[in-house]
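Residue numbers (the numbering used here), protein chains in the order written: chain X, 1 to 134; chain P, 135 to 442. Beta carbons are placed, not taken as given, at the ideal position from N, Cα and C, and that holds for glycine. This report refers to the structure that appears directly beneath it.
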Amino acid sequence: MDERLSRALQFSNYRQTLHIQKQNLIQRMRNQSTVLHNNGMFVADPTTIAYTKALIDRGYENAIIIDSKEVPIKIENLEEFLVLLLDANFKATNEFYVANEKVRRSRNIKSLLEWEPEQDDEEKEKLAKENAGK
Amino acid sequence: MKKKKNSPKKTQENKKEITSGVCMFAYNNDQINYVKLAVLCALSVKKHMKNNTTCLITDPGTDAYMKESMPLHEKAFDHIVVTPIEKIPNTRVNHDSPYYTFNSQFTNHNKDQIFQFSPYDKTLLIDIDFMVANNLLDQIFDSNVELAMYSDAKNLRNDNPHPNEIRLHRGGINMWWSTVIYFEKTPYAKLLFDIWGHVKDNWDFYKFRYNFPGHMFRTDYAVSIAIHIMNGMFENNMVSTLPGTFMRFQDQKDDILHIHNSNDIIYLANDQKENWKDLPVRMLDENVHVMNKRSIERHYDKWMECVT
Numbered sequence: 001m002d003e004r005l006s007r008a009l010q011f012s013n014y015r016q017t018l019h020i021q022k023q024n025l026i027q028r029m030r031n032q033s034t035v036l037h038n039n040g041m042f043v044a045d046p047t048t049i050a051y052t053k054a055l056i057d058r059g060y061e062n063a064i065i066i067d068s069k070e071v072p073i074k075i076e077n078l079e080e081f082l083v084l085l086l087d088a089n090f091k092a093t094n095e096f097y098v099a100n101e102k103v104r105r106s107r108n109i110k111s112l113l114e115w116e117p118e119q120d121d122e123e124k125e126k127l128a129k130e131n132a133g134k
Numbered sequence: 135m136k137k138k139k140n141s142p143k144k145t146q147e148n149k150k151e152i153t154s155g156v157c158m159f160a161y162n163n164d165q166i167n168y169v170k171l172a173v174l175c176a177l178s179v180k181k182h183m184k185n186n187t188t189c190l191i192t193d194p195g196t197d198a199y200m201k202e203s204m205p206l207h208e209k210a211f212d213h214i215v216v217t218p219i220e221k222i223p224n225t226r227v228n229h230d231s232p233y234y235t236f237n238s239q240f241t242n243h244n245k246d247q248i249f250q251f252s253p254y255d256k257t258l259l260i261d262i263d264f265m266v267a268n269n270l271l272d273q274i275f276d277s278n279v280e281l282a283m284y285s286d287a288k289n290l291r292n293d294n295p296h297p298n299e300i301r302l303h304r305g306g307i308n309m310w311w312s313t314v315i316y317f318e319k320t321p322y323a324k325l326l327f328d329i330w331g332h333v334k335d336n337w338d339f340y341k342f343r344y345n346f347p348g349h350m351f352r353t354d355y356a357v358s359i360a361i362h363i364m365n366g367m368f369e370n371n372m373v374s375t376l377p378g379t380f381m382r383f384q385d386q387k388d389d390i391l392h393i394h395n396s397n398d399i400i401y402l403a404n405d406q407k408e409n410w411k412d413l414p415v416r417m418l419d420e421n422v423h424v425m426n427k428r429s430i431e432r433h434y435d436k437w438m439e440c441v442t
């Protein structure tokens, strides 16, 4: 195979793995952003956080908020609820940031996976010959 | 700022402790050692979840084999329900990579009886190949949801499953996965399991009526029909979705490459359209329905090391 094509395909494989890895990180972040409060399931996303803060700023102490399952939930203490949302959001986004930085710095599949497959004797010999030739 | 205390009133009912736990079925056959996988599955639950009381439902033969050859079962299971099982022929074609297939007996006819078998008030029923790697499902035990399952799934490449696993047939009803089922022991949940049993007893009729493919009895299809009937023959949100937007699954043609830890596994994801292509995919802290059971067996010892 043409060496240029071989390199291009190698890079293409790396990009695919990288893409899937990033999608998985986003999924993990979404899972971690889930907040369970008063039998309701909420997502600690900027919209929910901003809406809760807006209610507090308008002087409300409690309110009905629709959760992620479309169930109306009575939030007795909006301040407490906001703290929970922010905690979950900070935890999820911080972890996402750290993992994303790690993935971003990985320039090949090996470093993305932090794993190298074991080589059999034949492969090792071939690799040694190639290195000796260089 | 007013601070209301919403502690529940102490009544006679509240004094009774509500039990919660995770149940799984395992019936060995000549091809797959289900109970061996169940031990790994239960230990993964114990490692990663807070609601980690576990119950195995099995037949006398499998139970005797387990007690004889697997000392770790005592650590893995808190309860064991032994019940004789009627051997109803139900052959399943299993894949191990795109290049190897084998047939095995699939014993799943009594899954609808979990309502009677489960010793818990709040039960999470999981298949023995659903490998828990985080505590996400703990959330459902603290909610007011009575019945929850997954209706969406994605494979290791973030692709949708086969069209027959999204709808029962083109233009048919939504498919719900019976891999993970959460229920509380309420009349409402019992009704679903009763309808499921009725669908099972009249399988040929419902196969004709709902026009789904294949000859094997699939609990995914049975539960999807039961939900459709219970919903008043249309789609609504009577059954909740479990935490997380979808269920991740490893296809039977995929493999496992390496196990860093029980929550950090590198899989080999096969391309469904071009079977000669594979991609390595790393799954961190994510629950995965590992459908290729032989791939679990190949990495069993290392995986067990990580959960014990």
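Distance between P/Gly306 and P/Asn345, taken at the CA atoms: about 8 Å.
Taking 8 Å as the upper bound for CB-CB distance, P/Ile248 and P/Leu259 are in contact here, some 5 Å apart. The three-state secondary structure of P/His349, taken from DSSP, is coil. CA-CA distance, X/Ile75 to P/Lys256, rounds to 25 Å. Close partners of P/Arg416 in chain X (Cβ separation under 9 Å): Thr17, Ile20, Gln21, Asn24, Leu112, Leu113, Glu114 and Trp115.
Annotation: Cβ neighbours of P/Asp419 in chain X (cutoff 7 Å, chain order): Arg28. By the CB criterion at 7 Å, P/Ile191 and P/Phe264 fall outside the cutoff.
In the same chain as P/Asp412, and ignoring 5 residues on each side of it, the C-beta atoms closer than 6 Å to its own belong to Leu402 and Asn404, in chain order. By the criterion of a C-beta distance shorter than 7 Å, X/Ser68 is surrounded in its chain by Met41, Phe42 and Val43, once the five residues flanking it on both sides are discounted. Closest in alpha carbon position to P/His243, among P/Lys334, P/Tyr168, P/Thr187 and P/Phe236, is P/Lys334.
Of the other Cβ atoms in all chains shown, 16 or more fall within 10 Å of the Cβ of P/Thr188; this residue is therefore buried. Note: P/Gln239 is bridge-paired with P/Thr225 in the DSSP secondary-structure output. Residue pairing by DSSP places X/Ala44 in no beta bridge whatsoever.
Close partners of X/Leu36 in chain P (Cβ separation under 8 Å): Gln273, Asp276 and Ser277. Restricting attention to P/Gly155, P/Cys175 and P/Val357, the CA atom closest to the CA of P/Glu431 is found in P/Cys175.
In this structure, the straight-line span from the alpha carbon of X/His37 to that of X/Phe81 is close to 8 Å. The contact set of P/Ser374 on chain X, defined by CB atoms closer than 7 Å, consists of Lys69 in chain order.
The closest CA to that of P/Lys407, considering only P/Lys245, P/Asn162 and P/His296, is found on P/His296. Contact between P/Val179 and P/Leu206 does not hold, since the beta-carbon distance rounds to 14 Å and is not under 8 Å. Taking all protein chains in view, the Cβ of X/Tyr60 is surrounded by fewer than 16 other Cβ atoms within 10 Å, so the residue is classified as exposed. Counting C-beta pairs with one atom in each stretch, the segment 388-399 of chain P and the segment 417-427 of chain P have three or more that are closer than 8 Å, which means they touch. Residues Asn294, Pro295, Glu299, Trp311, Phe380, Met381, Arg382, Phe383 and His423 of the same chain have their beta carbon placed closer than 8 Å to that of P/Ala287, with the five preceding and five following residues left out of the count.
Those residues of the segment 375-397 of chain P placed with their C-beta closer than 9 Å to a C-beta in chain X are Thr375, Pro377, Gly378, Thr379, Phe380, Arg382, Leu391, His392 and His394, ordered along the chain.
Identification of residues in the segment 286-316 of chain P having a C-beta nearer than 9 Å to some C-beta of chain X yields Lys288, Leu290, Arg291 and Asn292, given in sequence order. Only residues of its own chain outside the window of five on either side were considered, and among them Lys22 and Leu25 have a CB closer than 8 Å to the CB of X/Asn100, listed in chain order.
Excluding sequence positions up to five before and after P/Gln239, its CB lies within less than 6 Å of the CB of Asn163, all in the same chain and listed in chain order. If only uninterrupted beta strand (DSSP E) runs of at least 3 residues are considered, those enclosed by the segment 297-348 of chain P are 311-318.
Of all residues in the segment 260-272 of chain P, the ones placed with a Cβ closer than 7 Å to any Cβ belonging to chain X are Leu270, in chain order. Spanning the alpha carbons of X/Leu9 and P/Glu151 requires a straight line of approximately 59 Å. Taking the Cβ atoms as the reference, X/Asn62 lies roughly 15 Å from X/Asn39, outside the contact range of under 8 Å.
Setting aside the 5 residues that flank it on each side, P/Lys201 is surrounded in the same chain by His207, each with a C-beta closer than 8 Å to its C-beta; the list follows chain order.
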